[in-house]
Amino acid sequence: MSTDSQWKNPVIRWVDDRLPIFTYLDHEYQQFPMPKNLNYFWNFGALASIVLVVMVVTGIMLAMQYTPHVDYAFDSVERIMRDVNYGWLLRYIHMNGGSMFFIVVYIHIFRGLYYGSYKAPRELLWMLGVAILLLMMATAFLGYVLPWGQMSYWGATVITKMFSAIPFIGDWIVTLLWGGFSVDNATLNRFFSLHYLMPFVLFGLVGMHVVALHVTKSNNPDGVEMNGPQDSVPFHPYFTAKDAVGTGFFLIFFAYFVFFAPNFFGEADNYIEANPLQTPAHIVPEWYFLPFYAILRSVTVDFWFISAKLMGVILMFGATMILFVLPWLDTSKVRSARYRPIYKFVFWIFLADCVMLGWVGGQLPEGIPLIMGQVGTVYYFAHFVIVLPVLGWIEKPLPLPTSISEPVTGGGGGAAPGATAAKMEKP
Amino acid sequence: MADNPASADTDDEDAGRRDFLVLAATAMGAIGAASFVWPLIQSMNPSAEVLALSTTEVDLEPIESGQAITIVWQGKPVFVRRRTAAEIATAKKDDSADLRDPQTDAERAEKPEWLVLIGLCTHLGCIPLGQKATDPKGEYGGWFCPCHGSHYDTSGRIRRGPAPTNLPVPPYAYLEDNKILIG
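Next up, the structure:
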């Protein structure tokens, strides 16, 4: 048992000697070295965890008022909006929180893509992040079904029906998912159960994501590793403060939608109760699924023995799954796009492609949008399987700085920037 | 908190400024967190449609002398008993008895004939027996709680057993001679 404890308070010391939680927090959130050149894009991991907590807290309160039954679900949500004290606030926070979660996480992901945060030694950190994204998507989909509006019902039908594309056992799987012969009460009940479960699984994955991050430490805009203490600042107060500033601005953004445009991200059709006998004229998923939806619908012809339907589903899931192998598809040794002149350009093309697919996903799948969707889908995959591997070979990267400090101090390198950094570290 | 060696050699003015910033930021954070938690907690309080159901009207017309009915008010059973002359007399006589929770019968029944009580034992909330003619009414002819053996008299006062107080009288008013509004 340790005796040279740094803790003076005898209670803290007693606990810490048996369960080193204070030492852990001090080590991981106080002294933890962060690269000193991080920009505000490094706020978004913290923002995502804040949204997760907000979603769980508001979700628990909403579950106390919600009834997962086809006859009562829609009415219980309306009751939350009208009768429950601050029910409108809880629901609008939870509803818009879903969109906020995806905004924050998409920025977080594109940050990783731009600065090469997925490269060695952070591959597993990245893969855990992709798993989190997949689970978030599942959770968001399940949650969207619960209000039991028209979009809920038909969204649930369309998404579950995708599994029928699987050869031989597809229909059996769909019946298993439904617990019946259509999306019905059994489906709603299990979706509620799973929607409540998933966030806690997410917490577990986020925990592993954070542990992995604290092993490899944060990447940074220059994409070169920290060489020593002169390249880092402690997490507290530097990044608690920086994250707090980012959180303040983010909460203002969030609150704007909650209070002034609560249905901005929603679909009006979802305020019509689910009707299994009538499909809305134009069904669209929530905005964060639109690029994937566009990929699903862009496949209109069979590929040899694979039906168009199955191919669409494969590509749609593949669009996310391919991120798992991204660390090995990108053959360049240089992380940050700052030092990769061609990749920097290609990154923006890829981002534009994703935005375009998002737009296409909201249009009817015919004429120009259909062609744009097909081109966009081909480019999406080409970016990963052709552009990135080839770029690693042909691109001539700019010279990397020898340390994080060097670009700031004007290329002195060696001891000089270290000395300057040590001086600057004093608050 | 661990000691921060960097703060040791800074002058007092900076330390004071830093303390102020930390305190101000923490206070604002606490206010923000509290204003987020407030609606969360409030959402667990009775909702508007529950509050709307907080009164109940009872028509006394069909109740015969010596008969009792149980109606539901705010999800709780309310006993309405039309007492016989003998029951009223016993209740009034016992005003001077040794009562655990002293109250006169006149304080408990606006019109002596009608006794209105919340039908939940004040011990741990079971429903006392005594509403039906065939029920045991306890030693004092009122109500008897089967859970832990509390005896209530014909005024609903606790006379024996573990219950601490009399069966409470809910707020009610006569709308007409034969109609009351509970709540």
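Quick note, the sequences are listed as chains F and G, same order.
So the first sequence is numbered by my numbering: it starts at 550 and just counts up by one.
So the second sequence is numbered by my numbering: it starts at 4 and just counts up by one.
In this text, a Cβ means the ideal position worked out from N, Cα and C, and glycines have one as well.
What you are looking at is a predicted structure, and each value in this text was computed from that prediction instead of being measured.
Using only alpha-carbon positions, find the residue among the options that is nearest to residue i.
| i | options | result |
| --- | --- | --- |
| Gly-922 of chain F | F:Phe-841, F:Tyr-820, F:Gly-756, F:Leu-601 | F:Phe-841 |
| Gly-133 of chain G | G:Thr-125, G:His-126, G:Gly-144 | G:Gly-144 |
| Val-172 of chain G | G:Asp-97, G:Asp-138, G:Gly-122 | G:Gly-122 |
| Met-747 of chain F | F:Met-686, F:Phe-803, F:Trp-703, F:Val-782 | F:Met-686 |
| Gln-953 of chain F | F:Gly-925, F:Trp-563, F:Asn-769 | Here the sequence assigns Ile to residue 953 of chain F, which means Gln is not the residue at that position. Ile-953 of chain F has its Cα closest to that of F:Asn-769, out of F:Gly-925, F:Trp-563, F:Asn-769. |
| Lys-491 of chain F | F:Leu-587, F:Gly-941, F:Met-865 | This structure does not reach residue 491 of chain F, given that chain F is present from 550 up to 976, and the question cannot be answered. |
| Trp-697 of chain F | F:Tyr-615, F:Val-773, F:Phe-752, F:Phe-650 | F:Tyr-615 |
| Gly-608 of chain F | F:Leu-695, F:Gln-555, F:Gln-579 | F:Leu-695 |
| Trp-655 of chain F | F:Leu-683, F:Pro-778, F:Val-750, F:Phe-894 | The identity of residue 655 of chain F in the sequence shown is Tyr, whereas the question assumes Trp. If we check each option's Cα against that of Tyr-655 of chain F, F:Leu-683 comes out closest. |
| Val-81 of chain G | G:Thr-87, G:Ala-88, G:Ile-72, G:Ser-46 | G:Ile-72 |
| Thr-688 of chain F | F:Gly-647, F:Arg-660, F:Phe-894 | F:Gly-647 |
| Val-895 of chain F | F:Leu-937, F:Tyr-888, F:Ile-863 | F:Leu-937 |
| Ser-68 of chain G | G:Val-75, G:Ser-153, G:Val-83 | G:Val-83 |
| Gln-45 of chain G | F:Leu-638, F:Tyr-589, F:Phe-752, F:Phe-749 | F:Leu-638 |
| Ala-595 of chain F | F:Tyr-635, F:His-831, F:Lys-668, F:Gly-756 | F:Gly-756 |
| Phe-593 of chain F | F:Leu-949, F:Lys-945, F:Val-794 | F:Val-794 |
| Gly-867 of chain F | F:Ser-856, F:Thr-880, F:Leu-845 | F:Leu-845 |
| His-643 of chain F | F:Pro-948, F:Val-600, F:Thr-765 | F:Val-600 |
| Leu-800 of chain F | F:Phe-581, F:Ile-722, F:Asn-645, F:Trp-675 | F:Asn-645 |
Have a look at residue i and residue j and give me their C-alpha separation to the nearest angstrom.
| i | j | result |
| --- | --- | --- |
| Ile-891 of chain F | Thr-958 of chain F | 26 Å |
| Tyr-929 of chain F | Val-633 of chain F | 45 Å |
| Asp-780 of chain F | Ala-810 of chain F | 43 Å |
| Thr-849 of chain F | Ala-714 of chain F | 14 Å |
| Phe-784 of chain F | Met-31 of chain G | 21 Å |
| Thr-724 of chain F | Met-860 of chain F | 21 Å |
| Ser-598 of chain F | Val-759 of chain F | 10 Å |
| Phe-803 of chain F | Arg-640 of chain F | 13 Å |
| Asn-819 of chain F | Ser-701 of chain F | 7 Å |
| Ala-622 of chain F | Arg-628 of chain F | 10 Å |
| Phe-813 of chain F | Met-610 of chain F | 23 Å |
| His-657 of chain F | Ser-625 of chain F | 35 Å |
| Ser-50 of chain G | Met-604 of chain F | 22 Å |
| Leu-940 of chain F | Thr-926 of chain F | 20 Å |
| Ile-935 of chain F | Leu-875 of chain F | 12 Å |
| Ile-898 of chain F | Asp-733 of chain F | 43 Å |
| Asp-566 of chain F | His-763 of chain F | 22 Å |
| Tyr-787 of chain F | Leu-24 of chain G | 14 Å |
| Ala-89 of chain G | Leu-127 of chain G | 30 Å |
| Ile-183 of chain G | Pro-139 of chain G | 28 Å |
| His-744 of chain F | Glu-822 of chain F | 20 Å |
| Phe-712 of chain F | Ser-554 of chain F | 57 Å |
| Lys-945 of chain F | Arg-889 of chain F | 7 Å |
When you compare the CB of residue i with every CB in chain F, is at least one pair closer than 8 Å?
| i | result |
| --- | --- |
| Glu-52 of chain G | yes |
| Leu-43 of chain G | yes |
| Asn-169 of chain G | no |
| Ser-57 of chain G | no |
| Ser-191 of chain G | Since the first residue of chain G shown is 4 and the last is 186, residue 191 of chain G is not available in this structure. |
| Asn-48 of chain G | yes |
Mind checking if residue i is an interface residue toward chain G, Cβ cutoff 8 Å exclusive?
| i | result |
| --- | --- |
| Gly-636 of chain F | yes |
| Met-613 of chain F | yes |
| Val-606 of chain F | yes |
| Arg-562 of chain F | no |
| Asp-632 of chain F | yes |
| Met-610 of chain F | yes |
| Met-973 of chain F | Low confidence applies here, because Met-973 of chain F scores a pLDDT of 44, under 50, leaving its location unreliable; read the following figure in that light. No, no contact with chain G. |
| Arg-887 of chain F | no |
| Arg-628 of chain F | yes |
| Asp-565 of chain F | no |
Is the Cβ of residue i closer than 8 Å to any Cβ of chain C?
| i | result |
| --- | --- |
| His-657 of chain F | This model lacks chain C altogether; the protein chains it does include are F and G. |
Original post:
Are three or more beta carbon pairs between the segment 112–124 of chain G and the segment 150–158 of chain G nearer than 8 Å?
Top reply: Yes, they touch.
Original post:
Using a Cβ cut-off of 8 Å, which residues of the segment 65–90 of chain G contact any Cβ in chain F, in chain order?
Top reply: Listed in sequence order: no entries.
Original post:
Is it a yes or a no for the segment 901–919 of chain F touching the segment 838–853 of chain F, going by three-plus beta-carbon pairs under 8 Å?
Top reply: Taking one beta carbon from each stretch, the segment 901–919 of chain F and the segment 838–853 of chain F have 3 or more pairs nearer than 8 Å; the two touch.
Subject >> Contact list for the segment 638–662 of chain F against chain G, Cβ threshold 8 Å >> reply: Contact annotation: in the segment 638–662 of chain F, residues whose CB is within less than 8 Å of a CB in chain G are Leu-638, Leu-639.
Original post:
Does the segment 54–73 of chain G come close enough to the segment 38–45 of chain G that 3 or more CB-CB pairs lie under 8 Å?
Top reply: Counting C-beta pairs with one atom in each stretch, the segment 38–45 of chain G and the segment 54–73 of chain G have fewer than three that are closer than 8 Å, which means they do not touch.
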